[in-house]
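Residue numbers (the working numbering): 1063 to 1202.
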């Protein structure tokens, strides 16, 4: 996880060893990350060109309580540039934005490229502890 004010670190993208290997990318696996007040955590990853059907799947859960001010969303690289310039604005995402700390993730990824999975606490004046598990899973 990277706080929004810092440079993104992209999750490593394993290169398939053969044309039949399915892509799987670990994006986040944390039991207790703190989302600072009026800030967000970013989990960035690259999806390589492929002929597979890929999804970002997983979940988010508040640690020690439900964070109603948490917003969870996925952005393409272009969408991220616009949102990062004004993070208190509503993110213009190609996917649904979920509000609250308890979420099941199921985002279809249609194109190769850079993606940014965001856990935002921009609307709260207090930090929120979160457990986050997210991965890209692909099938034929």
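Positions of the beta carbon are idealized from the N, C-alpha and C atoms, including for glycine. From a predicted model like this one, the values you see are computed outputs, not experimental measurements.
| Asked | Found |
| --- | --- |
| Among 1188, 1192, 1093 and 1175, the one whose alpha carbon lies nearest that of residue 1138 | 1175 |
| For residue 1107, three-class secondary structure by DSSP | strand |
| Complete runs of the beta strand (DSSP E) confined to the segment 1120 to 1187 [at least 3 residues] | 1133 to 1138, 1165 to 1171 and 1175 to 1182 |
| Alpha carbon of residue 1197 to alpha carbon of residue 1122, nearest angstrom | 12 Å |
| DSSP beta-bridge partners of residue 1118 | 1169 and 1198 |
| Nearest-angstrom Cα separation, counted from residue 1186 out to residue 1104 | 17 Å |
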